[in-house]
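Its first residue numbered 250, the sequence shown is counted upward by one per residue in the numbering used here.
Backbone N, C-alpha and C define an ideal beta-carbon position, used for all residues, glycine too.
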Amino acid sequence: MFRWSNAYVAIVGLSLLVSVSLAAPECTRSEEYCQDRAMHPELPLVPTATKSRAIEGENTNEYWREKATQHIKEKLSAELNKNKAKNIIFFLGDGMGVTTTSAARNLLGGEEKELSFERFPYTGLAKTYAVNRIVPDSACTATAYLCGVKAQEGTIGVIGGLARSNCTDDEATHVPSIAKWAIDAGKWSGVVTTTRVTHASPAGVYAHTSERDWENDQDVRNRCGESDQNVHDIGYQLANGEVGSQLKVILGGGKRNFVDSGIESWGARVDGRDLIEEFKVANERNVYVDTVDQLVAVDVTQTDRLFGLFNTDHMKYRMENEEDTTEPSLEQMTRKAIEHLSQNENGYFLFIEGGRIDQAHHENWARMALNETTEFSSAIQAARDLTNEDDTLIVVSADHSHVFTYGGYGKRGQDVLAAAPNKAADGKPYMVLNYANGPGYSLNFNSDEKERNDPTTVLTGSKHDRYPSGVPMGNDSHGGDDVPVFALGPWAHLFTGIYEQNTIPHIMAYAACLGEGHTMCSVESKQKK
């Protein structure tokens, strides 16, 4: 028989005493009513609480009925696009879960606004778990949404049976990506990211490795020693690998992983190589750039391959780049990539990542995470403007979510980065945005007094404000909830429903007749027989 421990009973008892002491006045109405009010309390107002914003017409039945009718009409008038996709653009918002997209709308002017991709006609949900983890990382998810199979945490472009940090390289464990399928079909492929181009998500396009952290040869030697030369680092694979060496566009950060430390002080390699210089001398039509002005000035008609590295590490957060114009925005990189790849009459596959959404969340920097999300949205709108949905499939998704919450019964139109309009049960303000765990804990909880700090005295409006978290951790963790998928263009309707994340590249391949799997072309071929 299960027995309650005395310690547990004591803890529960103390918790009840505390909660009772902080509770609202006793409810004397029906049990159902009292339960409902406990879940949706009218807590004390913060003196500076924002008044609810009124939008014309919202207080009438006709306003909402008309919006619903319009939505139904749009769905009924939509025609399924069953064209063969010439081009595929896959946008990846790293760490961009549903709470992130929902909260980011407020930066556009209100919760009723829409991010550019939320206007896409078809949406679904992807299940993100890994072969060996309930909550995944960006490496195994890249293998799923780019290579079409699920894998173990920390591994990229390899089978699910290969464990992390395995110091052998067996081609039998390699799994090709949709970029490889596209190249084999005569299309061009490219990678754009705001992180290092050797980081986990972009590496899924071209690399095969059991360790996401092996971005340069020094990283490999630290783990495997100098004798295992058959294990190639991710930077080397981008420069010389089967897929990496054929990419027509590579734009992002991470310059350090391509140059020996003896050649440049910022270099991280130890093999004596300068892979950037090797790229430049390999072909006179190879173009290398490292500033936004150089990127904008590139004449794509005179360019075979375009390689741009704009930081030795990750590119700066856009909010940190306001006074430094040497780095391009994600939108600028997107525009140049599409301009170049569009020259191929057979079409292209392009992977574009808004990678710093994730990294801001890890720091509990909610303000910058949401700003990076709106930057991501702008890049997607640019791609839509530059392409034709008759022949271009655009898919937007995330690799995983974060433990980021959006609540607090805020007033309509209030700043979601500010405090909720009510006080918590301890009599102090609380924020609309919070994290379940992360570094924000130490700033927002007074361990000596065993009570919360008033978050409005901690958060100053800085881009580096760490929002409150419930569990102390050096970085916040990923979330295990399903992530949204948005689609526009040929066969976009196949992205509706709930499915495994590894299904995504198979649907893209179906639409463009890539690879050896089930495609619209293989179906048509069977029907003709």
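- Distance from the CA atom of Gln750 to the CA atom of Asp697, rounded to whole angstroms, is 44 angstroms.
- Under the 10 Å beta carbon count, Gln776 is surrounded by fewer than 16 other beta carbons and is classified as exposed.
- Taking the Cα positions, Ala449 is about 11 angstroms away from Glu602.
- Out of Leu590, Val734, Ile338, Phe625, the CA that lies nearest to the CA of Leu364 is found in Phe625.
- Non-local C-beta neighbours of Thr705 in its own chain, meaning closer than 6 angstroms and more than five positions away in sequence, comprise Ala668, Pro678, ordered along the chain.
- Within the same chain, and ignoring the five residues on either side of Val541 in sequence, the residues whose Cβ sits closer than 7 angstroms to its Cβ are Thr574, Thr575, Glu576, Pro577, Gln581.
- Each residue's CA atom was taken as its position, placing Asn702 and Gly306 some 40 angstroms apart.
- Measuring C-alpha to C-alpha distances from Ser646 to each of Tyr748, Gly410, Glu526 identifies Tyr748 as the nearest.
- Linking Lys504 to Gln319 through their CA atoms gives a straight-line distance of about 49 angstroms.
- Using a Cβ distance threshold of 8 angstroms, Asp539 and Leu558 count as a contacting pair.
- In the assembly as shown, Gln486 is a buried residue. Its beta-carbon has 16 or more other beta-carbons within 10 Å.
- Annotation: Lys331 is outside any alpha helix (DSSP H) and is labelled neither H nor E by DSSP.
- Boundaries around Lys672 are those of the beta strand (DSSP E), 668–672, since no alpha helix (DSSP H) includes it.
- Its chain contains Glu360, Tyr655 as the residues whose beta carbon lies nearer than 8 angstroms to that of Ser351, once the 5 sequence neighbours on both sides are disregarded; these appear in chain order.
- Apart from sequence neighbours up to five positions away, the residues of its chain that approach Gly344 with a beta-carbon distance below 6 angstroms are Ile606, Asp607, His610, His651, ordered along the chain.
- Of Gly373, Lys399, Gly596, the smallest CA-CA separation from Val380 is found for Lys399.
- Taking a cut-off of 8 angstroms for Cβ pairs, the stretch 680–688 and the stretch 713–720 touch, as three or more such pairs fall below it.
- In the three-state reduction of the DSSP assignment, Pro704 falls in the helix class, which pools H, G and I.
- Cβ-Cβ distances below 6 angstroms link Tyr312 to Gly306 in the same chain, with the five nearest sequence neighbours on each side left out; the list follows chain order.
- Note that the C-beta distance between Phe600 and Val440 is below 8 angstroms.
- Secondary structure in the stretch 536–615: the beta strand (DSSP E) runs of 3 residues or longer, each lying completely within the stretch, are 554–558, 597–603 in chain order.
- For Phe369, no beta strand (DSSP E) encloses it, and the DSSP letter there is neither H nor E.
- The alpha carbon of Lys429 has as its nearest neighbour, out of Gln592, Ser494, Arg278, the alpha carbon of Ser494.
- Taking C-beta atoms as the reference points, Lys436 and Asn671 fail to come closer than 8 angstroms.
- Excluding its 5 nearest sequence neighbours in each direction, Ala517 has C-beta neighbours in its own chain below 7 angstroms: Asn465, Gln467, Arg505, Asn506, Ser510, listed in chain order.
- The alpha-carbon separation between Val454 and Leu357 amounts to approximately 32 angstroms.
- One thing to note: Phe598 has its Cβ within 8 angstroms of the Cβ of Ile427.
- Within the same chain, and ignoring the five residues on either side of Glu588 in sequence, the residues whose Cβ sits closer than 8 angstroms to its Cβ are Val549, Leu635.
- By the C-beta density criterion, Tyr658 is exposed, having fewer than 16 other C-beta atoms within 10 angstroms.
- Rounded to the nearest whole angstrom, the C-alpha separation of Phe369 and Leu743 is 13 angstroms.
- Residue range 641–646 is occupied by the beta strand (DSSP E) that includes Ser646.
- By the Cβ-count criterion, Gln663 is buried, with 16 or more other Cβ atoms from all chains shown falling within 10 Å of its own Cβ.
- The stretch 731–741 and the stretch 323–341 touch, with no fewer than 3 CB-CB distances between them shorter than 8 angstroms.
- The residues Asn532, Arg534, Asn535, in chain order, have a CB closer than 7 angstroms to that of Asp553 in the same chain once the five nearest residues on each side in sequence are set aside.
- Non-local beta-carbon contacts of Tyr371 in its own chain, meaning distances under 6 angstroms to residues more than five positions away in sequence, involve Ala736, Ala741, His742, Phe744, Thr745 in chain order.
- Here Pro678 is bridged, per DSSP, to Lys672.
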